[in-house]
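**Q** Have a look at the structure that comes next, please.
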C-alpha cells in the first residue's frame, strides 16, 4: 500500500480521532452565528412590526440591522476567535509529538512524514473552516431574508474566505511553535511569544526613548511598525481585504518551514522542552534581556528615577527570568542556575543597553546631520513658529500632505538650520526653570529616511528669536504650513469637501466640481495676502475647504482625513466663487428675529434690524453647537456687566434644500448612507455658536436684560 493511497484514508482517520475538536468548533459556530443571529432577527422583526414605525423607519432599521451583521462577520472578535481555534487544532493535531510512544507509532506507519504532516494540516483547516462556513452562511440567509438584502450570502462567503487566510497565518505560527518544542506547555508559551514578543520589545524600546531621551519626537519609528512584528496584531489591525494575499503567502511559507522542521525533528525529543537544542541559548537570551530591561525600567520609574533601584530591578529581571527558563528547559528545579555563563552574558548585555540609553552613549540628543547628509527640514507645530493669522483650525505636522499628491516643500537654508540645531542642542544644558517652549522638526535625509527631534528651548533667548524670525519670513515655511499654496493645478483633485462649521456641521462633498481652478487661484491669492500681512482684519473662519485627490468610499457627516484650510469672512473673492458653486456660509442666512434668553429661561425678542446687526457685529463665529428641529440657530452671547449669562437664539428664514441636511453629494456619484449615521436627518438644522468679543456686549443688550 503506497503513501498516495494512504493519504486520504489517513485524513479520514485523523478526523475521527479529532472529532472532539470538530465538535467544539461546530458548537461555537452554531451559537456564535446561527443562534445569535436567529435570536436577534426574531427580536428585530417583532420590533419592526410595531405600529410605532413608519415604512421609511422600517427601511432604515433594516439597513442598520444588515449593516450590523456585516460588521459582525468582519469584526476583530471573529479573528480573535479563529486565533484561539488555531491554537486548539494546532496543538491537538500534533499532540502525538509530545509522547515518545505515540511519535514512534505514527512514524512507523507506512506513510511518508510529509504526507502525514500535510494530512493533519488539511484536516485542521477543514475542522475550523467547514463549520464556520456552514453556520455563518445560514445566518446570512436568515438576515438576508429578514432585510431583503440579496447579497448577504455572497458578502459572508467573501468575509469567510478573507478571515480564513488570517486563520492560516495564525495556525501556521502555532504549528511552527509545536515543531520547535517538545511538550504542550512549552508549545503554548512559544505561541504566546510569537504573538506578543515583537510588539512588547517595540513598546519597551519606545518607553526607554521617551524616558531617557529629552529630544524624542513621538511617532518617528516608521521603519518598524508594531503590526508587522506579530501575526496576531497584524491580522487584528489590518483590513483582511487588503492583506489576504500577504496572510496566504506568509502562512504557506511558515507551513513549508514547519514541514521541513518536522522532517528533521527526532523522535527522541518528544516530552522535552525544545526540539532543537541549538536554539535554546539564543531563545533564552532573547527573552532574558528584555525581561531585565523591563525590570530596570519599572524600578527606575517607581523609585523616582533612582539609578541604584534600576540596577537592582535589572539584576532581578536577569536572575528570575533566566531561572524560570532553565526550569522550563530541564523540568527540574535543581537546574535553577544552570548555564551561569549565559546569565552573566545576559546581565552584561542588559547593563550595556540600559546605560546606553541612560547616558545617551550613541548621541541621540546631540545628533545633527552633516550638511551633505540631508535635504532640508520640516517643522512641526509650535507656538514659536505661529503667526497671528494661524487659526485654531489649522494643524500641520508636515508629512507629505494626504490631500495633495505633491510633496510638501522643505526648509532648505542649511546655514540657518545648522544654527538652529546647535542652539537647540545647547538648550539641553538649561535648567528646567528656563525652559518655556519646544521646537520640533524632521530632518529629511538624502537616503530617504526621516529623523525627528523635539528640543526644549527658551523662546525668550535673543539669538534663538533672531533665527526664528528669519525662518518665519521665508516663503518655504508658508508653503509648509499651507500646502495648498504649492498647488499649481487641480487636475488631480477628484472632490472638494466644504465644511460650514466645526463639530456636527453642514458640509458638502462636490465631485468633479466646476470652477475649481478659479477657486484655487482666488483662494491662494487671498490666503497669501493674509499671510503676508499676518492678519485677517478681524475676520472669522466661516468655511473650511479640503481638496481631495481620492473619492471617499462613502459620504458621511464626518470630515475626511484631509487637511482643511480656513476661508475667512474677509476673503470676499473666495466667498463669491463659492457662492457661484452653490455654497454660502450658514452665518449669511437671513435673520427674522433674535431671542435673548437669560435668568433661567426669561426671553427677550429682538426684531429691530439695526439691533440685530449690532449683535452680530459684536460677536464672532465659534462653531456649531447642537441641533434643533426648527429654524433656531444658537449664539452664545457671554455675560453682561452684572454677570448675567446670555444665550441668543437666532431664527432664520427657510434654507434651501442643500442646506437642510448633514452632507450632500452634488452629483450623486457617492451616495450618502444615512443608515450609518447616528442622527435622524429629517427636519433638522445645524446650530452654530457665536460669542461676544471681549467687552463688546452692546449697551442696549445690557440695559434690556437688566431692566
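In our numbering, the protein residues as written are 677 to 1383. Ideal placement from N, C-alpha and C gives every residue a C-beta, glycine not left out.
Are residue 891 and residue 1129 touching if we call contact CB-CB under 9 Å?
**A** Locating residue 891 in the chain shown gives position 215, where the first residue counts as 1. Locating residue 1129 in the chain shown gives position 453, where the first residue counts as 1. Yes, the Cβ-Cβ distance between residue 891 and residue 1129 is below 9 Å.
**Q** Give me the residue from 744, 771, 755 with the minimum Cα distance to residue 690.
**A** For the purposes of this step, residue 690 is taken as the residue at position 14 of the chain shown. Checked all of 744, 771, 755; the closest Cα to residue 690 is 771.
**Q** Would you call the stretch 782-790 in contact with the stretch 956-963, where contact means no fewer than 3 C-beta pairs closer than 8 Å?
**A** No, the stretch 782-790 is not in contact with the stretch 956-963.
**Q** Which residue's Cα is closest to the Cα of residue 931: 704, 1191, 796?
**A** Position 255 of the chain shown, counting from 1, holds the residue named residue 931. Closest option to residue 931, Cα to Cα, is 796.
**Q** Assign residue 819 to buried or exposed, taking buried as 16 or more other Cβ atoms, counted over all protein chains shown, within 10 Å of its Cβ.
**A** Along the chain shown, one-based indexing puts residue 819 at 143. Buried, because 16 or more other Cβ atoms sit within 10 Å of the Cβ of residue 819.
**Q** Indicate whether residue 1034 and residue 983 have their beta-carbon atoms separated by less than 9 Å.
**A** Here residue 1034 refers to the residue found at position 358 of the chain shown. Here residue 983 refers to the residue found at position 307 of the chain shown. Yes, they are a contact pair.
**Q** Closest to residue 942 by CA distance: which of 774, 880, 1015 is it?
**A** As a working note, residue 942 is residue 266 in the chain shown. Among 774, 880, 1015, the Cα nearest to that of residue 942 is on 774.
**Q** With three or more beta-carbon pairs closer than 8 Å as the criterion, would you say the stretch 798-807 touches the stretch 839-855?
**A** Flag = yes, the stretch 798-807 and the stretch 839-855 touch.
**Q** Nearest by alpha-carbon distance to residue 1087: which of 949, 1044, 1146 is it?
**A** Here residue 1087 refers to the residue found at position 411 of the chain shown. It is 1146 whose Cα lies nearest to the Cα of residue 1087.
**Q** Residue range of the alpha helix (DSSP H) that residue 1054 falls in?
**A** Indexing the chain shown from 1 puts residue 1054 at position 378. Per DSSP, residue 1054 belongs to no alpha helix (DSSP H); it is in the beta strand (DSSP E), 1050-1055.
**Q** Between the beta-carbon of residue 1135 and the beta-carbon of residue 1143, is there less than 9 Å?
**A** On the chain shown, residue 1135 is found 459 positions in, with the first residue counted as 1. On the chain shown, residue 1143 is found 467 positions in, with the first residue counted as 1. Cβ atoms of residue 1135 and residue 1143: not closer than 9 Å.
**Q** If you check the beta carbons only, do residue 1090 and residue 1052 fall under 9 Å apart?
**A** For the purposes of this step, residue 1090 is identified with residue 414 of the chain shown, where counting begins at 1. For the purposes of this step, residue 1052 is identified with residue 376 of the chain shown, where counting begins at 1. For residue 1090 and residue 1052, yes; Cβs fall inside 9 Å.
**Q** How about residue 1160 and residue 1223: are their beta carbons less than 9 Å apart?
**A** Working through the chain shown from its first residue, we reach residue 1160 at position 484. Working through the chain shown from its first residue, we reach residue 1223 at position 547. Yes, the pair counts as a contact, with Cβ atoms nearer than the cut-off.
**Q** Are the beta-carbon atoms of residue 658 and residue 1291 separated by less than 9 Å?
**A** Examination of residue 658 is not possible in this model, given that the chain is present from 677 through 1383 alone.
**Q** From residue 1093 to residue 1048, what does the alpha carbon distance come to, in whole angstroms?
**A** As a first step, residue 1093 is located in the chain shown; it is residue number 417 there, counting from the start. As a first step, residue 1048 is located in the chain shown; it is residue number 372 there, counting from the start. So the two alpha carbons sit approximately 13 Å from each other.
**Q** DSSP state of residue 708, grouped into three classes?
**A** As a working note, residue 708 is residue 32 in the chain shown. Correct three-state label for residue 708: helix.
**Q** Excluding the 5 residues preceding and the 5 following residue 731 in the sequence, name in chain order all residues of the same chain whose CB lies nearer than 6 Å to its CB.
**A** For the purposes of this step, residue 731 is identified with residue 55 of the chain shown, where counting begins at 1. The answer is none, since no qualifying residue turns up.
**Q** Is the stretch 816-831 touching the stretch 903-914 in the sense that three or more CB pairs, one from each, lie closer than 8 Å?
**A** As far as the Cβ criterion goes, the stretch 903-914 does not touch the stretch 816-831, which means the pair count is below three.
**Q** Run through the DSSP bridge pairs and tell me what residue 1282 is partnered with.
**A** The count along the chain shown starts at 1 and reaches residue 1282 at position 606. BP columns for residue 1282 point to 1270.
**Q** So is residue 694 buried or exposed if we call it buried at 16+ other beta carbons inside 10 Å?
**A** In the chain shown, residue 694 corresponds to position 18, counting from 1. Buried is the call here.
**Q** Just to confirm, is the Cβ distance from residue 1006 to residue 949 under 9 Å?
**A** On the chain shown, residue 1006 is found 330 positions in, with the first residue counted as 1. On the chain shown, residue 949 is found 273 positions in, with the first residue counted as 1. Yes, Cβ-Cβ distance for residue 1006 and residue 949 is below 9 Å.
**Q** First and last residue of the beta strand (DSSP E) that includes residue 1241?
**A** Here residue 1241 refers to the residue found at position 565 of the chain shown. Here the beta strand (DSSP E) through residue 1241 covers 1241-1244.
**Q** Does the beta-carbon of residue 719 have 16 or more other beta-carbons within 10 angstroms, so that it is buried, or is it exposed?
**A** Looking up residue 719 in the chain shown gives position 43. Exposed, since its Cβ has fewer than 16 Cβ neighbours within 10 Å.
**Q** So, is residue 1010 buried or exposed, given that buried needs 16 or more other C-beta atoms within 10 angstroms?
**A** Residue 1010 sits at position 334 when you count from the first residue of the chain shown. It is exposed - the Cβ of residue 1010 has fewer than 16 other Cβ atoms within 10 Å.
**Q** Need the endpoints of the beta strand (DSSP E) that residue 1116 sits in, please.
**A** Along the chain shown, one-based indexing puts residue 1116 at 440. Segment 1113-1121, the beta strand (DSSP E) holding residue 1116.
**Q** Taking its Cβ as the centre, do 16 or more other Cβ atoms sit within 10 Å of residue 640, making it buried, or is it exposed?
**A** Absent from the model: residue 640. The displayed extent of the chain is 677 to 1383, so no value can be given.
**Q** Residues in the same chain with beta-carbon distance under 7 Å from residue 706, minus the five sequence neighbours each way, listed in chain order, please.
**A** The residue labelled residue 706 in the question sits at position 30 within the chain shown. These residues qualify, in order along the chain: 811.
**Q** Going by C-alpha to C-alpha distance, which of 1199, 1278, 1269, 1151 sits closest to residue 1243?
**A** Counted from its first residue, the chain shown places residue 1243 at position 567. Comparing Cα-Cα distances from residue 1243 to each of 1199, 1278, 1269, 1151, the minimum goes to 1199.
**Q** Please state whether DSSP places residue 1219 in a helix, a strand or coil.
**A** Taking the first residue of the chain shown as 1, we reach residue 1219 at position 543. Correct three-state label for residue 1219: strand.
**Q** Nearest to residue 850 by CA position, among 697, 934, 918, is which residue?
**A** Taking the first residue of the chain shown as position 1, residue 850 is located at position 174. If we check each option's Cα against that of residue 850, 934 comes out closest.
**Q** Please check the pair residue 969 and residue 1026, which I expect to be a contact at CB under 8 Å, by giving their CB distance rounded to whole angstroms.
**A** Taking the first residue of the chain shown as 1, we reach residue 969 at position 293. Taking the first residue of the chain shown as 1, we reach residue 1026 at position 350. So it is a contact: roughly 6 Å between Cβ atoms.
**Q** Name the one or two DSSP bridge partners that residue 950 has.
**A** Against the chain shown, residue 950 aligns to sequence position 274. Paired residue(s): 857.
**Q** Tell me the rounded alpha-carbon separation between residue 687 and residue 794.
**A** Residue 687 sits at position 11 when you count from the first residue of the chain shown. Residue 794 sits at position 118 when you count from the first residue of the chain shown. Their Cα atoms are separated by approximately 9 Å.
**Q** Determine the direct distance from the alpha carbon of residue 1120 to that of residue 1054, and round the result to whole angstroms.
**A** The residue labelled residue 1054 in the question sits at position 378 within the chain shown. The residue labelled residue 1120 in the question sits at position 444 within the chain shown. Computed Cα separation, rounded: 8 Å.
**Q** Would you mind giving the Cβ-Cβ distance between residue 1018 and residue 1095, rounded to the nearest angstrom? I have them listed as a contact below 8 Å.
**A** Looking up residue 1018 in the chain shown gives position 342. Looking up residue 1095 in the chain shown gives position 419. Not confirmed; about 50 Å, so no contact.
**Q** Go to residue 1172, then tell me how far its beta strand (DSSP E) extends in each direction, as first and last residue.
**A** Within the chain shown, residue 1172 is the residue found at index 496, counting from 1. Counting along the chain, the beta strand (DSSP E) containing residue 1172 begins and ends at 1171-1175.
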